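K.L.:
Residue numbers (our numbering): 97 to 211.
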């Protein structure tokens with residue numbers, strides 16, 4: 097099956113990660129627990145949206161940051177303006193876990209003066 101490419105930010109990300117890791121979509125599908133490897137292929141080609149509940153397993157299989165992949169996945173479903181408004185509610189949520197920990201440490205060290 098060969099699908100034309102419908103480039104989206106997440107499909108480009110998936111394809112780039114496959115190239116960087118030098119693996120194919122079948123390998124990623126197996127590691128991520130997909131019962132059908134073609135699902136990853138169709139996501140990579142932009143013909144299928146990445147289901148939000150698949151983000152953690154797919155991020156792990158792609159050796160990528162789950163927060164970044166979640167952000168890309170949400171862009172498929174949520175209008176940009178709404179997504180930006182939601183980020184303003186919890187700006188720390190858009191950071192990777194290690195960055196969130198550093199931010200919490202800085203807030204704690206400054207007695208929340210900069211919170």
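All C-beta atoms in this analysis are idealised placements derived from N, C-alpha and C, irrespective of residue type, glycine included.
Everything numeric in this text was worked out from a predicted model, so none of it was measured.
1) I'd like to check one pair, residue 170 with residue 155: are the Cβ atoms closer than 8 Å?
2) Tell me the DSSP secondary structure of residue 124 in three-state form.
3) Once you ignore the five residues that flank residue 215 on each side, which residues in its own chain have a CB closer than 6 Å to its CB?
4) Work out the CA separation of residue 205 and residue 143 for me, nearest whole Å.
5) What separation, rounded to the nearest whole angstrom, lies between the Cα atoms of residue 150 and residue 202?
6) Kindly list the residues whose CB is nearer than 6 Å to the CB of residue 129, restricted to its own chain and excluding five residues on each side of it in sequence; keep chain order.
7) Beta-carbon separation of residue 157 and residue 124 under 8 Å?
8) For residue 101, which three-state DSSP category applies?
9) Going by DSSP in three states, residue 130 sits in which element: helix, strand or coil?
10) To the nearest angstrom, how far is it from the Cα of residue 197 to the Cα of residue 159?
11) Exposed or buried, which one is residue 182 when buried takes at least 16 other CB atoms within 10 Å?
12) Among the candidates 163, 161 and 108, whose CA atom is the shortest distance from the CA of residue 136?
P.N.:
Judging by the given coordinates:
1) Not a contact, by the Cβ cut-off of 8 Å.
2) When secondary structure is reduced to three states using DSSP, residue 124 falls in the helix class.
3) In this structure the chain extends from 97 to 211, so residue 215 is not present and cannot be described.
4) Cα-Cα distance, rounded: 47 Å.
5) Between residue 150 and residue 202, the alpha-carbon positions lie close to 32 Å from each other.
6) The answer, listed in chain order, is 153.
7) Against a cut-off of 8 Å, the Cβ pair of residue 124 and residue 157 comes out as a contact.
8) Reduced to three states, the DSSP call for residue 101 is coil.
9) Looking at residue 130 - three-state DSSP - the assignment turns out to be coil, as it is neither helix nor strand.
10) Their backbone Cα atoms lie some 20 Å apart in a straight line.
11) Flag for residue 182 reads exposed.
12) Checking every option, the nearest Cα to that of residue 136 belongs to 108.
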